[in-house]
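The UniProt record's numbering numbers the first residue of the sequence shown as 1 and each following residue consecutively.
Quick reminder that beta carbons are idealized off the backbone N, C-alpha and C, glycines included.
See structure below.
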Amino acid sequence: MIWSFSPWIWSAPGRSKNRSKNTTTSDKFAYTCYEPNGQLDIQIFPPAYDWYDKPAPGLFVKKWFNTEPITLDELKGDVVLLYVGVQSSEHVRFVQELNEIYNKYKEKPLALIAIHKDPNACGITEDEIKQFIEENNIEFAFGIDEEMHVVEDM
C-alpha cells in the first residue's frame, strides 16, 4: 500500500451532499470526516489514487542521504508512507510530524520515505539538504528525485 502524505493532500472544499455518514470513498477521496456538528469537512486525497490496486511506479531517486538505496519491491507487504516535498520552513512542521510517526511505528512494517523535489529548481544545494536532515533529526529514508519522476508518475 502506498500512501502519499504531502501538504496539498488535505482538502476542505467540495463537501459531500450525504452528511449522514462519517466517511466516504467517493469522488476519489480516500477519507472524508465531519465533526459531530457537521461543520468541519476534512478530505484526504492520495495523489496516487489512480494507482489504487495497481503496482506502484518505482522510486526514481538520484541520491539517498541517510540510507542505502531502497526499492519498493524490497518493501512489498509493508505500508509505505511517501512524502514528496521540499526543504523549506513550511515543511519543517510536516517533517516533525513524520518524525513522530516514524518513531511511533519504526518497529512495525511501515516504511516512511521522503522524496525531495529537484533541489536545483528550488535553489537548494545538497549540503543544505544534509543540514536540514541533521537539524531535524530525520532518521527515515530521504532522497532526491532530481527529474521529478515520482511527482509526475503519481
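DSSP bridge partner residues for residue i (one or two, in chain order)
| i | result |
| --- | --- |
| L112 | L81 |
| K63 | I144 |
Coarse secondary structure for residue i, derived from DSSP in three states
| i | result |
| --- | --- |
| P55 | coil |
| W138 | The question names Trp, yet the displayed sequence has Ile at residue 138. Correct three-state label for I138: coil. |
| I144 | strand |
| E107 | coil |
| K76 | coil |
| P119 | helix |
| E97 | helix |
| E68 | coil |
| I133 | helix |
Exposure of residue i, with buried meaning 16 or more beta-carbon neighbours within 10 Å
| i | result |
| --- | --- |
| D145 | buried |
| P119 | buried |
| G143 | buried |
| G85 | buried |
| V92 | exposed |
Alpha-carbon spacing of residue i relative to residue j, whole angstroms
| i | j | result |
| --- | --- | --- |
| L75 | G58 | 12 Å |
| I133 | G123 | 17 Å |
| V61 | K130 | 15 Å |
Short CB-CB distance (under 8 Å) between residue i and chain B
| i | result |
| --- | --- |
| G85 | Among the chains in the structure shown there is no chain B, since it carries only a single protein chain. |
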